Amino acid sequence: MATPWISVKDMIDHVGEEVVVKGWMYNKRSSGKIHFLQIRDGSGFVQAVMVKNEVSEEAFEEAKKLWIEASLEVTGTVRSDDRSASGVELSVSSIKVIHNPTDEYPIGKKDHGVDFLLDNRHLWLRSQRQRAIMTVRERIIWSWRTFLHDRDFMLADSPIITGAIGEGASGLFELDYFDQKAYLAQTGQLYAEAAAAAYGKVYCFGPTFRAEKSKTRRHLTEFWMLEPEVAFYDHKDNMALQEDLVRHTVEQVLEHCPKELALLERDLEPLKAVTAGPFYHISYRDAVVKLNELGSSISFGDDLGAEDETILTQQYDRPIFVECYPKGAKAFYMKENPDDLETVLCADLLAPEGYGEIIGGSQREDDLDKLVTRMNSDGLDMDSYQWYLDLRRYGTFVHSGFGIGLERTVAWICGLHHIREVIPWPRTIYRLNP
RNA sequence: UCCUCGGUAGCUCAGUUGGCAGAGCGGGUGACUGUUAAUCACUAGGUCGCAGGUUCAAGUCCUGCCCGGGGAGCCA
């Protein structure tokens with residue numbers, strides 16, 4: 018019977034057995050008569066120990082000549098060992114070299130610069146740190162999908178290629194679509210609204226595109242956004258849903274990714290605090306007053322600047338909803354606030370620890386006349402929005418929704434400085450490859 | 001688009017007042033039976049981003065350009 022091939026992550030269940038591991042050698046330490054081959058197989062990392070008098074002379078010499086990132090099949094016996102970080106090691110009986118590189122591996126053990134790492138993103142992804150980040154990213158996506166599925170949300174994904182539809186004409190990527198102009202989607206929200214009229218509770222989840230020339234740690238030109246939209250939910254229902262989702266997300270990562278968070282040296286206390294109580298609420302008007310007291314020069318009508326967000330979030334240990342922004346600072350589809358006509362029924366959710374806005378949401382304008390008036394004053398091309406206006410012509414309905422940015426959420430929960438590390442292939446203004 | 005910082009060995013960086021181009025890591029050779037970014041010895045490795053200028057002499061000073069980083073605005 019052939020020796021079974023197993024994943025590194027499952028080795029703990031095979032102590033004492035002979036197994037095959039297929040992977041890459043990410044590092045090697047050698048002491049003349051013993052080689053320590055550090056192996057990774059995508060599922061985890063393990064040390065394979067090769068003792069000179071336990072393998073053939075040829076195998077020992079061959080291992081000596083291995084370069085970093087050689088691909089291998091290693092056969093050996095799984096052994097528990099207190100000296101191993103994962104608790105197990107592989108005592109090697111034989112190795113099969115699939116490919117031994119002839120050039121040195123570009124990524125070394127010491128620190129690298131950002132430019133170099135991004136040029137080598139295809140190799141950088143192999144590191145333990147990047148693996149931990151992708152594991153958390155996957156857990157967050159999974160927690161979002163299961164959260165919504167369990168609450169009977171219908172998945173109704175929106176198109177990536179669109180006509181002139183979105184939040185604003187600037188920042189659109191234009192492309193040639195069989196002699197017509199088309200654009201990469203900035204948001205799936207308008208489509209989600211249509212789907213909500215069809216299925217009640219819906220969401221879309223996909224990449225969105227902003228051609229803004231932003232060069233900050235919080236911006237990508239291509240990022241993933243989850244956009245739930247619910248029929249007959251008002252502004253308050255909307256915020257309650259957001260709070261449940263975000264708390265659930267943090268709880269899931271704390272429960273399932275402790276090793277990854279430890280490897281990333283994430284301080285867990287601020288994350289635990291997030292789950293310990295209700296999120297805070299402050300109105301935009303109160304926020305302006307408070308910010309002025311704290312030294313900001315913001316005045317009514319301005320959007321919160323990056324520094325304002327930082328100042329504000331430093332006052333709280335859990336996420337904070339900033340509600341009811343002035344009309345002029347927000348998009349055309351947001352519902353006028355009946356209690357304060359200068360503002361709209363919206364809320365941004367600001368993450369703690371200076372991570373800033375992760376959610377933008379609102380109740381939608383369901384009054385046809387008010388919506389048309391606002392769209393005209395914004396100079397929108399009404400022809401391309403007729404289908405959207407139909408939602409107010411055929412059974413208009415109170416409804417609300419929000420968009421949560423995946424990368425900002427992952428960066429916050431992982432405690433990372435920069436958003437570019439949390440997506441496999443970041444797209445930034447001056448970087449298209451790899 | 002604006003502000004700001006940077007570009008020196010494969011990588012990360014140092015280079016003082018303008019005066020012979022440096023270190024660590026990585027590579028190569030050798031030693032080592034428990035290493036965790038292994039260690040030790042020896043060794044190879046340079047268009048100082050590009051183009052001009054000043055000077056007896058420029059990595060260093062000046063001008064222009066190219067390529068990146070950080071931030072602002074905008075937003076998730």
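Take any residue in the first sequence, count from 1 to its spot, add 17: that is its number in our numbering.
Beta carbons: idealized from backbone N, C-alpha and C, even for Gly.
Computed from a predicted structure; not experimentally measured.
- Query: If you drop the 5 nearest sequence neighbours on each side, which residues of the same chain put their C-beta closer than 6 Å to that of G322?
  - Reply: Taking the first sequence and counting its residues from 1, one reaches residue 322 at position 305. Result list for G322: empty, nothing under 6 Å.
- Query: Quick one: what's got a C-beta closer than 7 Å to H139's C-beta in the same chain, skipping five residues either side?
  - Reply: To locate residue 139, count along the first sequence from 1; it is residue 122. Around H139: P451.
- Query: According to DSSP, which residues form a beta bridge with M171?
  - Reply: Here residue 171 corresponds to residue number 154 of the first sequence, with the count starting at 1. Answer by DSSP bridge pairing, in chain order: V219.
- Item | Secondary structure of C341, DSSP reduced to three states | Residue 341 sits at position 324 when you count from the first residue of the first sequence. Residue state, collapsed to three classes: coil.
- Query: Just the Cα atoms here: how many angstroms apart are E374 and E326?
  - Reply: As a first step, residue 374 must be located in the first sequence, where it is residue number 357. As a first step, residue 326 must be located in the first sequence, where it is residue number 309. Near 8 Å, if we compare the C-alpha coordinates of E326 and E374.
- Query: Do the region 41 to 58 and the region 127 to 137 meet, that is, are 3 or more Cβ pairs less than 8 Å apart?
  - Reply: no
- Item | C-beta atoms of L243 and F226 nearer than 7 Å | Position 226 of the first sequence holds residue 243. Position 209 of the first sequence holds residue 226. Not closer than 7 Å, so no.
- Query: Per the contact definition of three or more C-beta pairs closer than 8 Å, is the region 413 to 432 in contact with the region 237 to 255?
  - Reply: yes
- With 16 other Cβ atoms within 10 Å as the buried cut-off, status of N452: Here the chain covers residues 18 to 451 and nothing more, so residue 452 does not appear.
- Task: Just list the beta strand (DSSP E) runs in the region 257 to 319, keeping only unbroken ones of 3 residues or longer that don't cross its boundaries, in chain order.
- Result: 297 to 300
- Got a sec? Which residues, its chain only, sit under 6 Å from W429 by beta carbon, not counting five neighbours each side? Here residue 429 is taken as the residue at index 412 of the first sequence, counted from 1. Contacts found: A368 and Y372.
- Item | DSSP three-state assignment for K127, whether helix, strand or coil | In the first sequence, the residue the question calls residue 127 occupies position 110. The answer is coil: DSSP assigns K127 none of H, G, I, E or B.
- What's the gap between the Cα of L280 and the Cα of D334? In the first sequence, counting from the first residue as 1, residue 280 sits at position 263. In the first sequence, counting from the first residue as 1, residue 334 sits at position 317. L280 and D334: Cα-Cα distance of roughly 23 Å.
- Message: According to DSSP, is N70 part of a helix, a strand, or is it coil?
- Response: Taking the first sequence and counting its residues from 1, one reaches residue 70 at position 53. N70 falls in the helix class under three-state DSSP.
- Beta bridge counterpart(s) of H116 as assigned by DSSP: Counting from 1 along the first sequence, the entry for residue 116 is found at position 99. Paired residues: S88.
- What are the partner residues of C363, as DSSP defines its beta bridges? Translated into the one-based positions of the first sequence, residue 363 becomes position 346. C363 pairs with S379.
- Could you tell me how far apart the beta carbons of Q259 and S160 are, in whole angstroms, since I believe they sit closer than 8 Å? Position 242 of the first sequence, counting from 1, holds the residue named residue 259. Position 143 of the first sequence, counting from 1, holds the residue named residue 160. Actually they are not in contact, since the Cβ atoms of Q259 and S160 sit about 14 Å apart, beyond 8 Å.
- Item | Burial state of P295 (16 or more Cβ within 10 Å) | Reading the first sequence from its first residue, position 278 is the one you call residue 295. It is exposed - the Cβ of P295 has fewer than 16 other Cβ atoms within 10 Å.
- Item | DSSP three-state assignment for F133, whether helix, strand or coil | As a position in the first sequence, residue 133 is number 116, starting the count at 1. Reduced to three states, the DSSP call for F133 is helix.
- Query: If you draw a straight line from the alpha carbon of R235 to that of E34, how long is it in whole angstroms?
  - Reply: Residue mapping note: residue 235 aligns to position 218 of the first sequence, counting from 1. Residue mapping note: residue 34 aligns to position 17 of the first sequence, counting from 1. Computed Cα separation, rounded: 48 Å.
- Message: In this structure, how does DSSP classify T233 when only helix, strand and coil are distinguished?
- Response: As a first step, residue 233 must be located in the first sequence, where it is residue number 216. Correct three-state label for T233: coil.
- Identify, in the order they occur along the chain, each residue of the same chain with its Cβ nearer than 6 Å to the Cβ of S175, setting aside the five sequence neighbours on each side. As a working note, residue 175 is residue 158 in the first sequence. Excluding sequence neighbours, S175 sits near G205, Y208 and C221.
- Could you spell out where the alpha helix (DSSP H) holding A346 opens and where it closes? By 1-based counting over the first sequence, the position of residue 346 is 329. Taken as a continuous stretch (DSSP letters only), A346 belongs to no alpha helix (DSSP H), as it is neither H nor E.
- Which residue from L423, E282, E272 and G49 puts its Cα closest to that of K289? In the first sequence, counting from the first residue as 1, residue 289 sits at position 272. Checking every option, the nearest Cα to that of K289 belongs to E272.
- Query: Out of curiosity, what's the CA-to-CA distance linking N354 and Q147?
  - Reply: On the first sequence, position 337 is the one that residue 354 refers to. On the first sequence, position 130 is the one that residue 147 refers to. One C-alpha to the other measures close to 44 Å.
- Classify G255 as buried or exposed, calling it buried when 16 or more other Cβ atoms lie within 10 Å of its own Cβ. Mapped onto the first sequence, residue 255 falls at position 238. Per the sequence presented here, residue 255 reads as Asn, with Gly not at that position. Classification of N255: buried, given that the 10 Å Cβ count is 16 or more.
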